[in-house]
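Structure, as structure tokens:
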Amino acid sequence: MNQPVTKICKDYISELNEAIGEIAPENIFILVDDVTYELCLPETLKSAKLEGSHVITIPSGDINKNIESAVIIWKYLSENNANRKSLMINLGGGMITDIGGFAASTFKRGIRYINVSTTLLGAVDAATGGKTGINFLGLKNEIGVFAPASAVLINIEFFKTLDQQNLRSGFAEMVKHALIHSREEWNRILKFDLESISFDELSVLVASSVNIKEKVVEQDPLEKNIRKALNLGHTFGHAFESYSYKINKPELHGYAVMWGMLCELYLSHVKLNFPKDDLLKLKCLIKEYYGTFNFDCSDYELLFELMTHDKKNESKEINFTLLSDIGEIQINQSATKEEIFECFDFFAGC
Ligand code: GLY
Numbered sequence: 029m030n031q032p033v034t035k036i037c038k039d040y041i042s043e044l045n046e047a048i049g050e051i052a053p054e055n056i057f058i059l060v061d062d063v064t065y066e067l068c069l070p071e072t073l074k075s076a077k078l079e080g081s082h083v084i085t086i087p088s089g090d091i092n093k094n095i096e097s098a099v100i101i102w103k104y105l106s107e108n109n110a111n112r113k114s115l116m117i118n119l120g121g122g123m124i125t126d127i128g129g130f131a132a133s134t135f136k137r138g139i140r141y142i143n144v145s146t147t148l149l150g151a152v153d154a155a156t157g158g159k160t161g162i163n164f165l166g167l168k169n170e171i172g173v174f175a176p177a178s179a180v181l182i183n184i185e186f187f188k189t190l191d192q193q194n195l196r197s198g199f200a201e202m203v204k205h206a207l208i209h210s211r212e213e214w215n216r217i218l219k220f221d222l223e224s225i226s227f228d229e230l231s232v233l234v235a236s237s238v239n240i241k242e243k244v245v246e247q248d249p250l251e252k253n254i255r256k257a258l259n260l261g262h263t264f265g266h267a268f269e270s271y272s273y274k275i276n277k278p279e280l281h282g283y284a285v286m287w288g289m290l291c292e293l294y295l296s297h298v299k300l301n302f303p304k305d306d307l308l309k310l311k312c313l314i315k316e317y318y319g320t321f322n323f324d325c326s327d328y329e330l331l332f333e334l335m336t337h338d339k340k341n342e343s344k345e346i347n348f349t350l351l352s353d354i355g356e357i358q359i360n361q362s363a364t365k366e367e368i369f370e371c372f373d374f375f376a377g378c
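Residues 29 to 378 in my numbering are what the sequence shown spells out, letter by letter.
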């Protein structure tokens with residue numbers, strides 16, 4: 029499974045032209061949502077290579093990462109002569125790169141696709157690593173395939189259209205990469221000023237964050253083993269996220285992951301002696317920039333129930349990735365219900 033090296037663009041149009049040129053497609057389909065149609069497509073269409081290309085627009089938001097949107101894409105491809113020599117360009121955040129990658133890699137058993145990530149969250153997570161998919165029957169990414177993009181481009185200029193919350197949401201996955209990687213990376217992340225973001229500094233950190241993910245994926249593209257490290261914070265995080273949707277107060281993915289990481293590092297501290305000092309540093313970062321998730325003891329059972337449905341679980345046990353120190357990954361860890369409730373207590377008391 030050949031994974032492309034993600035490029036942080038210095039000159040977006042010429043790097044896009046180069047990526048398209050290497051594929052030399054017969055025709056090109058650009059997938060956008062209604063937001064990237066307005067904010068990112070005009071700049072992208074400056075590429076002469078995109079003259080005469082088709083634009084497919086689907087509604088934005090994770091709620092639309094579903095089979096109906098996939099059908100819209102497949103139908104458009106079918107009716108407009110897409111074939112094995114066609115190229116799809118997914119221009120958007122994680123929702124667009126996930127569904128676009130899925131639609132492309134299943135159409136006529138697979139056409140090539142390029143991801144152009146327009147959000148920080150998408151850039152440091154979904155765009156890289158070849159996971160594609162859609163939500164189904166209320167379950168996130170329930171249907172999908174592993175199918176790497178031919179190229180992944182990140183244009184930091186597009187991040188300037190994002191609000192503070194979406195930038196912070198993306199930054200959460202960078203925090204995760206730093207924690208699983210090294211103390212040096214963790215210290216760099218802690219120094220970054222989230223209050224007044226320098227996009228030049230962010231660009232350097234994004235490059236290193238994506239590189240950490242690429243190295244993990246290279247070792248284990250199908251998530252049989254060490255790629256599970258990338259799930260740090262996501263077992264608790266997905267429960268917080270799903271719960272927020274259930275009570276109609278949706279939280280951004282990265283916020284839920286940050287809270288999830290706090291719970292999982294607390295669990296790491298209790299079970300594996302993860303350093304308390306680093307746990308407290310994460311707690312401070314969260315207090316300052318992410319606030320808290322409002323829940324109390326009466327919500328514990330439902331949150332626990334949501335965690336038991338996580339597709340990362342292999343048997344009845346809830347599966348965690350924990351750390352015994354910064355960069356010291358321990359996959360396939362489990363915890364009792366009492367230990368999980370203790371994590372909720374710790375988080376609720378923060
Ligand atoms: N989002 C985690 C992974 O790509 O494995």
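A virtual CB, placed ideally from N, CA and C, is assigned to each residue, including glycine.
| Item | Value |
| --- | --- |
| How would you label C312, buried or exposed, when you count the other beta carbons within 10 angstroms and need 16 or more for buried? | exposed |
| Would you decide whether M29 is buried or exposed? Buried here means 16 or more other CB atoms lie within 10 Å of its CB. | exposed |
| D61: which of L308, S145 and E43 sits nearest, CA to CA? | S145 |
| Kindly provide the ranges of any beta strand (DSSP E) runs that are 3 or more residues long and lie completely inside the region 97-178, ordered along the chain. | 115-120, 140-145, 162-164 and 167-171 |
| Could you give the uninterrupted runs of the alpha helix (DSSP H) lying entirely in the region 222-270, keeping only those of 4 residues or more? | 227-247 |
| Assuming L280 is part of the beta strand (DSSP E), what are its boundary residues? | It is not in any beta strand (DSSP E) - L280 carries neither H nor E in the DSSP assignment. |
| Going by DSSP in three states, V63 sits in which element: helix, strand or coil? | helix |
| Would you say the region 292-305 touches the region 322-330, given that touching needs at least three Cβ pairs under 8 Å? | no |
| Verify the contact flag: F187, CB atom, against every heavy atom of the ligand ZN, threshold strictly below 7 Å. | Because the ligand ZN does not appear in the structure shown, any question about it cannot be addressed here, the ligands present being the ligand GLY. |
| Looking at P32 and S178, is the spacing between their C-beta atoms short of 8 Å? | yes |
| Is any heavy atom of the ligand GLY found at a distance shorter than 7 Å from the C-beta of G157? | yes |
| What residues in its chain sit with their C-beta under 6 Å from that of G265, if we drop five residues either side in the sequence? | A284, V285 and G288 |
| I'd like the span of the alpha helix (DSSP H) that includes E185, first residue to last. | I184 to F187 |
| List the whole-angstrom C-beta distance separating I275 from I359, where the pair is believed to meet the contact cut-off of C-beta under 8 Å. | Going by Cβ atoms, the distance from I275 to I359 rounds to 31 Å, so no, they are not a contact pair. |
| Quick check on the DSSP output: the alpha helix (DSSP H) that includes F372 runs from which residue to which? | K365 to A376 |
| Exposed or buried, which one is F227 when buried takes at least 16 other CB atoms within 10 Å? | exposed |
| So, for G166: in the same chain, excluding its five sequence neighbours on each side, which residues have a beta-carbon less than 7 Å away from its beta-carbon? | none |
| When you measure from the CB of L258 to every non-hydrogen atom of the ligand GLY, does any distance come out below 7 Å? | yes |
| Tell me whether F199 sits in a helix, a strand or coil according to DSSP, three-state version. | helix |
| Is it true that the CB of I56 sits closer than 8 Å to the CB of L78? | yes |
| By how many angstroms is the C-alpha of L149 removed from the C-alpha of N194? | 8 Å |
| Ordered along the chain, which non-local residues of its own chain (more than five positions away) have a Cβ less than 6 Å from that of N6? | No information on residue 6 is available, as it lies outside the stretch 29 to 378 that the chain covers here. |
| Hey, out of I346, C291, K304 and P303, whose CA is closest to F321's CA? | C291 |
| The ligand GLY and E251: does any heavy atom of the ligand fall closer than 7 Å to the residue's C-beta? | yes |
| Based on Cα-Cα distance, which residue from F135, I225, V203 and A200 lies nearest to V173? | F135 |
| State whether the region 212-226 contacts the region 365-378, with contact taken as three or more CB pairs (one from each stretch) at a distance under 8 Å. | no |
| Could you check where the beta strand (DSSP E) with T85 kicks off and where it finishes? | H82 to I86 |
| By a C-beta neighbour count over all protein chains shown, 10 Å radius and 16 as the cutoff for buried, is H337 buried or exposed? | exposed |
| In the DSSP assignment, find the alpha helix (DSSP H) that holds E43 and state where it starts and stops. | Y40 to I51 |
| Identify, in the order they occur along the chain, each residue of the same chain with its Cβ nearer than 8 Å to the Cβ of L233, setting aside the five sequence neighbours on each side. | M202, R216, I217 and F220 |
| Could you check whether V238 and T389 sit closer than 8 Å to each other, using their CB atoms as the reference points? | Coverage of the chain is limited to positions 29 through 378, which leaves residue 389 absent and any answer about it impossible. |
| Return the bridge partner residues of F57 from the DSSP annotation. | H82 and M116 |
| What's the C-alpha gap between A131 and K38? | 29 Å |
| Give a yes or no on whether the C-beta atoms belonging to F302 and S362 are separated by under 8 Å. | no |
| By how many angstroms is the C-alpha of G198 removed from the C-alpha of Q192? | 10 Å |
| Return helix, strand or coil for D327, following the three-state DSSP convention. | helix |
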